[in-house]
Structures are given as C-alpha cells and as structure tokens.
Amino acid sequence: MRERQQLQDAVEAVRRLEGELEDSTGLIELAEEEDDAAVLAEAEEGLRALHAEALKRQVGTLLSGEADRNDTYIEVHAGAGGTESQDWAEMLLRMYSRWAGAHGYKVEEIGYSAGDEAGIRSATLQIKGPDAYGWLKTESGVHRLVRISPYDSSARRHTSFASVWVYPVVDDAIDIEVNESEVRVDTFRASGAGGQHVNTTDSAVRLTHQPTGIVVACQNERSQHKNRATAWAMLRSRLYELELQKREEKAMAEAASKTDIGWGHQIRSYVLQPYQLVKDLRTGVESTNPSAVLDGDLDAFMEASLAQRVEAQADEAAEQS
C-alpha cells in the first residue's frame, strides 16, 4: 500500500505539472494578445516556479536504491581534538536537524553523549519521512572545519574533524538475520539530561556485533526493554547498510580514479577563516555561504553526489552489457 501511494503521488504530481504548464502558457498567449504586461509578468513568474519544481522532481528520480524510500539513522562522532571537534560535531548535528526540519521530516534523538566542556562526543538521530535515507546517504564520511577557534584565547586558526555515518531503518519488507550468539550486550547508565530515573539506572543498551565490529547504542527511553529493542533494530540496519555498501563499492570503483568517493573518507571542507567556502571534495560543488550550509542548505551537495553515483552505476551496467 505504501508503494502504491508513492506511485500514485508521483503520477498525480506529473499530471498537475502538465496542467499548470498548459494554464501558464495559455495565460502568456492571452497577455501577449492583449498587451497586458502585469499578467505577462505573473505568468512568467509562475513558469519559473514550475520549472524549479520540475527540476526538484527530476532529481528525485535519482533515488532508485532499494532502501532509498526508508527512514534513516544518522550518527555524528567527534574526531580527535577535544573541545574543538566536539563543538564541530554538535554543529553538524544541528545542520542535519535543520535540513530535516526544512524538508518536513520528523527528527528523533536516539543516543547522545555530551562533550567534556562543550559540544558532543557522539549522537544518533532517527529521521523519519519518505526518501530520508535516499537523500542523506551521500553524507557519510569525514567533514572538516577550518575556523578561528572560539575556545582559543590567542584567536588562532584551528582545523577540526567529525565523522558522519548514515544507514537506513530496516522495515518489515527487508529480512535481516542476526546470530544472537555473535552479539555482546552491555547495559550502562544514560548520560546527559533525561530525568532522575534515566540517569540512575542501567537503562541504556550497547550492542557489539563481534564478526564485523559494529557497535550501536540507545539510551533515549526510560525502559531498558525499549532501548534494547531499538538497539537491535539499529544493528540490523547497520548490517543491511554494510551489505549495500559492498554492492556499491564495485560501481564506485570506476569513478574512484576521478573523484574521492571512498566511504568513511573526507568528503567536504567547511572553511570559515581566512575566507568563506564550503567545498565537496567528491563532486567539486562549492558554496560561498557557509552560514546557509550550516543552517541546512545541503540540497545542491546531495543532488550532485546522487547524480555522480547514478552515473557510475550506469557506466558499470553499460560495461557489463
């Protein structure tokens, strides 16, 4: 039923665009006949808005992966560098939360580990909505920040790193088998805000999948039982994402000689000093407005990376045929 609704929405959107295009062109013809500049300007503005929406939906067709329609988890981890990197990790967490809010997605905090003085050591969000994983999957990797440190009394320039990992929420349509004997289960006290009960009982749960070394944790619920269920769901999602990654590595190999698309590698630089520039190192897409990017304006970077992935997959399919 969900797939049927998505297809129905897509068909209706195309029909609506066709209808609005016909109305706008008819209005332009009428305005030209009557030499009505005001109506002509209004119709042209409508066409520009229609063109922008059509381009957005065209990019949406790049979301063709088997899990692209799913909700997603996104983990942010501070790199080496203490308070500087922990503050940068929190900035990234805010950036993705703002992006999700601007696109109508629901954001739920799954895990949160506060930094020593400021920022975060790590945090996990679940972002719920159609195509959430499809859009955000391009954000996995290391993000680099260059700025004048607000924590340095000498006002020196610092470089900070934080890593982002994105993996899909596995729904009932995807069957992932996990051998429980290969998973170590640890319980611990939750950190940060959450009330007296959360902070004084071992309600948080950490799972370690020993064959792969994958570690997931959940501490947002008061109940250890609920945290355990969420952690198992996260582990199945990580194992599924690992399988998707293996499938994609071959398709990415051809493009790797041209661009750095390696999973877990540095993907983007955010320079605030001495100049202002955000540059994606895989696609070359740039923005001279870091403030907007850090407020969630990520669509141009995501679209270019998605197009690059689809092109690499198409090249591989052509070679095989």
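Just so you know, we're using this note's numbering here: the sequence shown kicks off at -11 and counts up by one. All residues carry an ideal CB built from backbone N, CA and C; glycine is no exception.
Secondary structure of Pro118, DSSP reduced to three states: coil
Whether Arg224 touches Val158 by CB criterion (8 Å): yes
DSSP three-state assignment for Gly7, whether helix, strand or coil: helix
Backbone CA spacing between Leu286 and Glu21 [nearest angstrom]: 43 Å
Pick from Lys214, Val166, Phe176, Ser191 that is closest to Arg226, judged by C-alpha positions: Val166
Stretch pair the region 29 to 46 + the region 196 to 203: three plus CB contacts closer than 8 Å: no
Rounded C-alpha distance that separates Arg145 from Pro262: 9 Å
Coarse secondary structure for Thr271, derived from DSSP in three states: coil
Simplified DSSP state of Thr60, which is helix, strand or coil: strand
Own chain, CB closer than 7 Å to Tyr139, minus 5 neighbours either side, in chain order: Thr71, Glu72
Option in Glu(-9), Gln46, Met(-11) with minimal Cα separation from Leu5: Gln46
Spatial distance of Val154 from Tyr61 (CA atoms): 6 Å
Buried versus exposed call for Phe289 [16 or more other C-beta atoms within 10 Å across all chains shown]: buried
Arg144 - DSSP class collapsed to helix/strand/coil: coil
Whole-angstrom C-beta distance between Leu269 and Arg256, which should lie under 8 Å: 6 Å
Span of the alpha helix (DSSP H), counted from its first residue to its last, around Glu72: 71 to 90
Simplified DSSP assignment, three categories, for Gln254: strand
Nearest residue (CA-CA) to Thr276, options Glu291, Gly284, Leu260: Leu260
Rounded distance between the beta-carbons of Gly117 and Ala77, thought under 8 Å: Wrong, their Cβ atoms sit about 23 Å apart, outside the cutoff.
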